[in-house]
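Q:
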Amino acid sequence: MKQIKRLFYALAGVPVIAVLAWAVAVPTDLIEERIKGAVVQSHRGMLSLAVSGLKKGLLFSLHADGLELSIDSRPALTVTNVSGRFSPRSLLRGKLGFPIIGKIGGGDVHGFAEYPGEGQVTITGAELSAIPYLSRFGMDIRGSLNSRITITGAAMNMTFHVPDLMIDDSASLIPLLNTFRSLQGALSVAGNRITIESISLEGDKGYARLKGDIVNNVMNLTLELMPEANRLNATESMIIGKYAVSPGYYVVPIRGPVPQP
77 MKQIKRLFYA LAGVPVIAVL AWAVAVPTDL IEERIKGAVV QSHRGMLSLA VSGLKKGLLF
137 SLHADGLELS IDSRPALTVT NVSGRFSPRS LLRGKLGFPI IGKIGGGDVH GFAEYPGEGQ
197 VTITGAELSA IPYLSRFGMD IRGSLNSRIT ITGAAMNMTF HVPDLMIDDS ASLIPLLNTF
257 RSLQGALSVA GNRITIESIS LEGDKGYARL KGDIVNNVMN LTLELMPEAN RLNATESMII
317 GKYAVSPGYY VVPIRGPVPQ P
């Protein structure tokens, strides 16, 4: 009976020791370093992460004022008011896993990430104007982003939908962009390559589809335009005329380096 009691006390002490080790023996700087290192290693240095205001809480919880994801050292996405808690189940498998809650602008971020391995993140109602990467393309893009992101190893896949798109493309040479009112699509990130499987746009004057890739910050994209001819004014018809492939179908190449902010 005494041996059973000793075993019981020993097992009961394990969680207490783990909590004390978390509170005392695991420095916040080490946690931050591991989180940032996981992002860099998974994407060959193309992606990097800056963490601000990281704090430990009770029972393996974490809070950060902000996470800023950069692509090629340029700000791409900022998530604020981030909180999470390490998953004991993941730790037992030798992995670092935790649920994530945060904000992008006025939108919500929920998900679960595990390193090394995988993760899933859902974004609801995030404002496009709060995503710094989009400002690099020389246009004002607004709307509410709903997205699902899946991470598997070094690859990230993203599907998304913007039902209330507004584009001010006064500084852009791409025709008809300001006429589109919704978009949906899918893209992936692996290493130094962003692959746009397809982004479809729908608007007042027809449809369009964007596809291609961005490798080492160089665009190799194609925009297919399928406008309603009777909805175009004379200037719009003249601008897209040189891209005509067949009646009602136009192909606009988008090549060259991604614009600098």
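If you count the sequence shown from 1, you need to add 76 to reach the working numbering. C-beta atoms are modelled at their ideal positions from N, C-alpha and C, and glycine is treated no differently.
1. Under 8 Å, with one C-beta from each stretch per pair, do the region 176-192 and the region 214-232 reach the 3-pair mark?
2. Specify, as a first and last residue, the run of the beta strand (DSSP E) that Thr311 falls within.
3. Short check: CB of Leu241 to CB of Leu252, under 7 Å?
4. Within 10 Å of its beta-carbon, does Val100 have 16 or more other beta-carbons around it, so buried, or fewer, so exposed?
5. Looking at the structure shown, is Leu204 part of a helix, part of a strand, or coil, going by DSSP?
6. Given this structure, state the Cα-to-Cα distance separating Met215 from Ile250, to the nearest angstrom.
7. How many whole angstroms separate the CB atoms of Gly282 and Ile272, which I take to be in contact at a CB cut-off of 8 Å?
8. Quick one: what's got a C-beta closer than 8 Å to Val238's C-beta in the same chain, skipping five residues either side?
9. Report, in whole angstroms, the separation of the C-beta atoms of Ala305 and Gly324, which I expect to be a contact under 8 Å.
10. Have a look at Ile330, Ser322, Ala310 and flag the residue whose alpha-carbon is nearest the alpha-carbon of Met302.
11. Please classify Gly173: is it buried, with 16 or more other beta-carbons within 10 angstroms of its beta-carbon, or exposed?
12. For Gln196, which option in Ile330, Asn296, Leu138, Ile176 has the closest C-alpha, if you only look at C-alpha atoms?
13. I need the straight-line Cα distance from Tyr326 to Leu277, nearest angstrom please.
14. Identify every run of the beta strand (DSSP E) within the region 202-279, keeping only runs that are complete inside it and at least 3 residues long; order them along the chain.
15. How far does the beta strand (DSSP E) with Pro333 in it reach, from first residue to last?
16. For Ser211, which of Ala152, Asp141, Gly317 has the nearest alpha-carbon?
17. Can you give me the start and stop residues for the beta strand (DSSP E) that Gly142 sits inside?
A: Let's see:
1. yes
2. Residue 311 sits at position 235 when you count from the first residue of the sequence shown. Looking at the DSSP string, Thr311 is not in any beta strand (DSSP E); the run it does join, the alpha helix (DSSP H), is 310-317.
3. The residue labelled residue 241 in the question sits at position 165 within the sequence shown. The residue labelled residue 252 in the question sits at position 176 within the sequence shown. Contact flag unset, no.
4. As a first step, residue 100 is located in the sequence shown; it is residue number 24 there, counting from the start. Legend: pLDDT at Val100 = 42, less than 50; position of this residue unreliable, value from coordinates given subsequently. When all chains shown are included, Val100 counts as exposed.
5. By one-based count along the sequence shown, residue 204 stands at place 128. Note: Leu204 maps to helix in three-state DSSP.
6. The count along the sequence shown starts at 1 and reaches residue 215 at position 139. The count along the sequence shown starts at 1 and reaches residue 250 at position 174. Their Cα atoms are separated by approximately 10 Å.
7. Within the sequence shown, numbered from 1, the residue matching residue 282 stands at position 206. Within the sequence shown, numbered from 1, the residue matching residue 272 stands at position 196. Contact flag wrong, Cβ pair sits at about 20 Å.
8. Within the sequence shown, residue 238 is the residue found at index 162, counting from 1. Excluding residues within five positions, the ones whose Cβ falls inside 8 Å are Leu204, Gly219, Ser220, Leu221, Asn222, Ser258, Leu259, Gln260.
9. Taking the first residue of the sequence shown as 1, we reach residue 305 at position 229. Taking the first residue of the sequence shown as 1, we reach residue 324 at position 248. Confirmed, about 6 Å.
10. Counting from one through the sequence shown, the residue named residue 302 turns up at place 226. It is Ser322 whose Cα lies nearest to the Cα of Met302.
11. As a working note, residue 173 is residue 97 in the sequence shown. Buried, by the Cβ-count rule.
12. Stepping through the sequence shown from its first residue, residue 196 is reached at position 120. Per the Cα distances, Ile176.
13. Here the question's residue 326 lines up with position 250 in the sequence shown. Here the question's residue 277 lines up with position 201 in the sequence shown. If I take the Cα positions, the gap works out to 14 Å.
14. 216-218, 220-228, 231-238, 242-244, 256-266, 269-279
15. Numbered from 1 along the sequence shown, position 257 holds the residue referred to as residue 333. 325-333 is the extent of the beta strand (DSSP E) around Pro333.
16. Within the sequence shown, the letter at position 135 stands for residue 211. Among Ala152, Asp141, Gly317, the Cα nearest to that of Ser211 belongs to Ala152.
17. Here residue 142 refers to the residue found at position 66 when the sequence shown is read from its first residue. 137-147 is the extent of the beta strand (DSSP E) around Gly142.
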